[in-house]
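Engineer:
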Ligand SMILES: Cc1cc2nc3c(=O)[nH]c(=O)nc-3n(C[C@H](O)[C@H](O)[C@H](O)COP(=O)(O)OP(=O)(O)OC[C@H]3O[C@@H](n4cnc5c(N)ncnc54)[C@H](O)[C@@H]3O)c2cc1C
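Numbering (this note's numbering), first residue to last: 678 to 1102.
(1) Alpha carbon to alpha carbon, how far is residue 1061 from residue 876?
(2) Near residue 728, what residues of its chain come up, given a Cβ to Cβ distance below 8 Å and the 5 sequence neighbours on each side ignored?
(3) Excluding five sequence neighbours on each side, which residues of the same chain lie with their C-beta closer than 7 Å to the C-beta of residue 1096?
(4) To the nearest angstrom, report how far apart residue 679 and residue 686 are at their CA atoms.
(5) What are the start and end residues of the beta strand (DSSP E) that includes residue 1008?
(6) According to DSSP, is residue 713 helix, strand or coil?
(7) Can you give me the C-alpha to C-alpha distance between residue 881 and residue 873, rounded to a whole angstrom?
(8) Going by C-alpha to C-alpha distance, which of 742, 737 and 1082 sits closest to residue 1115?
(9) What are the complete beta strand (DSSP E) segments, minimum 3 residues, inside the stretch 1006-1081?
(10) Taking the beta strand (DSSP E) that residue 912 belongs to, which residues open and close that run?
(11) Restricting to runs no shorter than 4 residues, where is the alpha helix (DSSP H) found entirely within the stretch 812-845?
(12) Tell me residue 938's beta-bridge partners as DSSP assigns them.
(13) At what residues does the beta strand (DSSP E) containing residue 901 begin and finish?
(14) Rounded to a whole number of angstroms, what is the C-alpha to C-alpha distance between residue 929 and residue 1038?
(15) Out of 1057, 956, 803 and 1081, state which residue places its alpha-carbon closest to the alpha-carbon of residue 788.
(16) Quick check: does the Cβ of residue 1021 come within less than 7 Å of any heavy atom belonging to ligand 1?
(17) Does the Cβ of residue 638 lie closer than 7 Å to at least one heavy atom of ligand 1?
(18) How would you call residue 1086, buried or exposed, if buried means at least 16 neighbouring beta carbons within 10 angstroms?
(19) Kindly examine ligand 1 and report whether one of its heavy atoms sits closer than 7 Å to the Cβ of residue 1053.
(20) Considering residue 925, what are the terminal residues of the alpha helix (DSSP H) in which it resides?
(21) Start and end of the alpha helix (DSSP H) containing residue 1104?
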């Protein structure tokens, strides 16, 4: 059937919709909330949904509910700048992030849903000679671990990415770049929808507008969760609430080493395709800009955290200005391009920049949190590993380093990034 076929026309779709022909199928079914589950997952973000999917698919657990206080994809999973990569320095991180990057490559097939993984490359630019040894060190560590990374000098950068015009005079002259060619972007809301659809098909109940407000405990064993729709019994409970994790700590009487901070992003009006990769640059004493071009032509941009704890999702003008100034410094031709949308999300920042996947206070309560500004890229690995932890009670090797106890023992996985603020997406 050709694309010109009337079957695909807007009128045909509208007619089908009006006629209620069943053309539009819900991606996940709105099942009723039951009063008892084997596993209750709190939070229908990327991590909650992926864990539910793997619990059902890999561990055969049948009675699973994902309880979401708003909508599927309302949180950070639908607010991020979609960047995926595995070029982290520390072994605990780079093996885990690499597991995720490999899974992105097959996720559309696994979920039977196109998540639009685009391995267009992630290019970390160095804007001073001082930065080059740190990039080289990271690249060497990655290659030793069998993960691709390439350090490009200015000549190689010019050949590979002429759009950045590395020899052009600029406030911060480019010195080198570390490239991960398999890094790139994935359409974020498709990830939420794809996992929700696949989990639902395996029998998972995805319940929206259902806020968890408490945990009932008897003899040091969690019995279930209180919600705005009543009490739900649960054999095991997983909290995957990202920016709201601090409140969960308060709920369970465990102070968590997590602060909630704002991170904002923005998109420009669509322009002709000119940027075929993801460019990241930290400007000394100034800010950070990461920029990619969406399939629609808009430039998707972000930078540092706003710099103060907050649960609002508004973002400040001065941070926006930093990001835009950085983008124009990299690409002066963007000077007249308009920003058409800006948004923010609440990030669960740990003090070392690495996540926490562990038990939380009770033997049958688990926590998946601390994703900071970089948890989108880890969703497929986190879902698989966290499901194993919840199903078997034992953390797989890949996530052993992400235990909560590291904050007490001092074995931090300090990888918040480079630059004056710890932001690496
Ligand atoms: C602007 C921005 C840009 C980013 N860019 C990138 C990037 O390019 N690459 C990258 O890897 N990462 C990025 N991130 C980070 C990434 O988006 C997050 O780390 C990740 O999405 C967090 O995990 P999640 O998807 O499970 O969270 P969320 O989608 O936030 O899911 C948590 C869910 O829990 C729900 N919830 C909270 N409390 C309760 C409760 N009591 N009861 C029921 N439900 C509850 C919330 O409503 C929410 O839907 C970015 C984040 C932001 C804000």
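Yeah, the Cβ is synthetic: ideal placement off N, Cα and C, and Gly gets one too.
Bear in mind the structure is a predicted one, so any value in this text is a computation, not a measurement.
Structural biologist: So, from the listed chains and residues:
(1) Distance from the CA of residue 1061 to the CA of residue 876, rounded to the nearest whole angstrom, comes to 13 Å.
(2) Closer than 8 Å at Cβ, skipping near neighbours: 718, 915, 917, 1045, 1059, 1060, 1063, 1064 and 1067.
(3) Any reading at residue 1096 needs caution, since the residue's pLDDT is 32, under 50, leaving its predicted position unreliable; the model's value is listed next. 959 and 965.
(4) Model confidence at residue 679 stands at a pLDDT of 42, short of 50, so the residue's coordinates are unreliable; what they give is reported in the following sentence. Straight through space, the alpha carbons of residue 686 and residue 679 are spaced by roughly 11 Å.
(5) Judged by DSSP secondary structure, residue 1008 falls outside any beta strand (DSSP E); it is assigned neither H nor E.
(6) Residue 713 falls in the strand class under three-state DSSP.
(7) Rounded to whole angstroms, residue 881 to residue 873 spans 9 Å at the Cα level.
(8) Any question about residue 1115 goes unanswered here, given that the chain covers just 678 to 1102.
(9) Annotation: the stretch 1006-1081 contains the following complete segments of the beta strand (DSSP E) (minimum length 3 residues), in chain order: 1016-1027, 1033-1037 and 1039-1046.
(10) Per DSSP, residue 912 belongs to the beta strand (DSSP E) from 907-916.
(11) Taking 4 residues as the shortest admissible run, the stretch 812-845 contains the following complete alpha helix (DSSP H) segments, listed from N- to C-terminal end: 831-837.
(12) As DSSP reads the structure, residue 938 sits in a beta bridge with 986 and 1024.
(13) Run containing residue 901: 898-904, per the beta strand (DSSP E) assignment.
(14) One C-alpha to the other measures close to 7 Å.
(15) It is 1057.
(16) Relative to ligand 1, the beta carbon of residue 1021 is positioned inside 7 Å of a heavy atom.
(17) What is shown of the chain runs 678 to 1102, which leaves residue 638 out entirely.
(18) A residue is called buried when at least 16 other Cβ atoms come within 10 angstroms of its Cβ; residue 1086 does not meet this threshold and is exposed.
(19) Because some heavy atom of ligand 1 lies under 7 Å away, the Cβ of residue 1053 counts as near it: yes.
(20) Taken as a continuous stretch (DSSP letters only), the alpha helix (DSSP H) holding residue 925 covers 922-929.
(21) Outside the displayed range of the chain (678 to 1102) lies residue 1104, so it cannot be described from this structure.
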